[in-house]
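The structure appears below as structure tokens.
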């Protein structure tokens, strides 16, 4: 062995090997770059090369899973040392009523928690901390989590829904969905994969983005995000599930899904919100759906009963989230105002809430000044809610911050999800709960055997 290791080799052999090695590195880079740009002409070889190039990131997610729960974007930390609630304008804060279903990652406990916060006192009368390891034992989290097993340190409870009896509907992002009771114990689990928003319809069912097998579609890669519109009962039964890609194709919008010489990319749509219409209006009927497609910067109005896209518009919102109905033929959209530039994605100049009027086909931005002054600039995610008292609530998801604005645009309350280390952690899409609904749920919770969750 020693003779073999120290034998003399002619220089030309070394040069040839170096040249071949250089060619191999270049070829590997070409394959990885092609796959990164969304091309799939190298087939299985491209997937293997991409997986190898991604292995350091995958290894980090396995060894330090909680790092991805730190509230920052592209290593842009904000609000160091900030933690909890701060009353900014006392008179305005006193006028904020109701509850906040606060879904957040607890950096000290290294797991996610859901708290019901009384906004009049900023106290937490009840909390839930589901054991995701037990709840989803044997299940995996999908594409966003490299199809790794559900883990308490990485399971982020996204947009939970509080039921009248104190139960919670919970899920992660590309994870199974579950209903847990007031004690955070399992009621049921649906093992399909769900992601992003959870919204309740007028008939009591829920509309939630799902993830169907891409094999049901033609001409798409196996890594394709086959977003679906999924209707599910409060007992976990799926009533409706249809691929959004199929819906767009059937309605003549296939051109939105492909690009020149590239075919289908992995994630051309990025469905992030399904908003059921609760009553008839001049431009929609009860049961219609408003749908947000982030990667198309588009909102569409869809009627599941007839499979019709009634209206679709791209912009002026850019990479938006959270579309809601205001009434009188108007909708509002959380505009991330994101731009992809050479240095990475940026918000320019700030997030905004855009109002679109169907009657006049016009857009207004009455909140742009207060959003800019508050420096709200989450690149991804983000949501808003107009409260019954006229206040505006905004979640700046990437940075773990929540703000309540009064009717004059002043900040009434501010919350930062900081840990004892001084680092802020991610939120999980909070939800405003009315006083009446929250009181009823708490009354039912107190009848249970739980003490604080």
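In our numbering, the protein residues as written are 3 to 455. All C-beta atoms, glycine included, are put in the ideal place defined by N, C-alpha and C.
Contacts around residue i, its chain only, beta-carbon distance under 8 Å, and the 5 residues preceding and following it disregarded
i	result
residue 138	152, 157, 177, 178, 180, 191
residue 349	338, 339, 340, 341, 379, 380, 381
residue 113	107, 131, 134, 154, 155, 157
residue 443	118, 164, 165, 166, 167, 168, 435
residue 256	250
Rounded C-alpha distance that separates residue i from residue j
i	j	result
residue 403	residue 339	18 Å
residue 268	residue 194	20 Å
residue 441	residue 343	47 Å
residue 409	residue 92	14 Å
residue 219	residue 305	22 Å
residue 252	residue 435	38 Å
residue 81	residue 425	8 Å
residue 254	residue 271	15 Å
residue 355	residue 290	22 Å
residue 226	residue 125	44 Å
residue 299	residue 326	15 Å
residue 221	residue 318	31 Å
residue 174	residue 134	10 Å
residue 449	residue 169	13 Å
residue 209	residue 390	23 Å
residue 323	residue 385	7 Å
residue 309	residue 215	20 Å
residue 266	residue 328	35 Å
residue 383	residue 19	49 Å
residue 247	residue 231	10 Å
residue 313	residue 233	21 Å
residue 2	residue 235	In the structure as shown, the chain begins at 3 and stops at 455. Residue 2 is therefore absent and cannot be evaluated.
residue 105	residue 452	19 Å
residue 276	residue 160	14 Å
residue 14	residue 28	21 Å
residue 334	residue 21	59 Å
residue 74	residue 171	27 Å
residue 369	residue 127	32 Å
residue 212	residue 202	15 Å
residue 292	residue 85	35 Å
residue 311	residue 122	42 Å
residue 400	residue 12	57 Å
residue 307	residue 280	15 Å
residue 278	residue 23	57 Å
The beta strand (DSSP E) enclosing residue i, as first and last residue numbers
i	result
residue 542	Because the chain spans 3 through 455 in this model, residue 542 falls outside it and cannot be assessed.
residue 92	Element bounds for residue 92: not the beta strand (DSSP E) but the alpha helix (DSSP H), 92–96.
residue 300	300–305
residue 188	188–196
residue 335	332–337
residue 275	273–278
residue 71	It is not in any beta strand (DSSP E) - residue 71 carries neither H nor E in the DSSP assignment.
residue 356	354–359
residue 328	323–329
residue 432	It is not in any beta strand (DSSP E) - residue 432 carries neither H nor E in the DSSP assignment.
residue 80	Element bounds for residue 80: n/a, residue is neither H nor E.
residue 341	340–343
residue 349	346–349
Neighbourhood of residue i by C-beta, 6 Å cutoff - its chain only, sequence neighbours within 5 removed
i	result
residue 108	115
residue 437	99, 100
residue 71	107, 427, 428
residue 167	446
residue 417	87, 404
residue 83	424
residue 367	354, 356
residue 197	175, 176, 211
Cβ shell of residue i (< 7 Å), same chain only, five flanking positions each side left out
i	result
residue 103	116, 118, 162, 164, 432, 433, 435
residue 89	95, 415
residue 331	283, 284, 285, 359, 360, 361
residue 422	110
residue 387	395, 434
residue 372	407, 411
residue 321	296, 299, 338, 340
residue 244	230, 231
residue 456	The structure shown does not extend to residue 456, since the chain is modelled only from 3 to 455, so the question has no answer here.
residue 224	216
residue 316	298, 299, 300
Residue range of the alpha helix (DSSP H) that includes residue i
i	result
residue 442	437–448
Cutoff 9 Å: residue i Cβ touching any chain C Cβ
i	result
residue 82	The structure shown contains no chain C, having only a single protein chain.
If you scan the segment 104–176 from start to end, which runs of the beta strand (DSSP E) of 3 or more residues do you find wholly inside it? 113–120, 125–130, 170–173
Should the segment 390–407 be regarded as contacting the segment 361–380, the criterion being three or more beta carbon pairs within less than 8 Å? yes
Segments assigned alpha helix (DSSP H), at least 4 residues, entirely inside the segment 208–256: 246–252
Do the segment 243–262 and the segment 180–189 touch if we need at least three Cβ pairs shorter than 8 Å? no
In chain order, what are the residue ranges of uninterrupted beta strand (DSSP E) at least 3 long that sit wholly in the segment 362–422? 364–366, 385–388, 394–398, 403–407, 413–418
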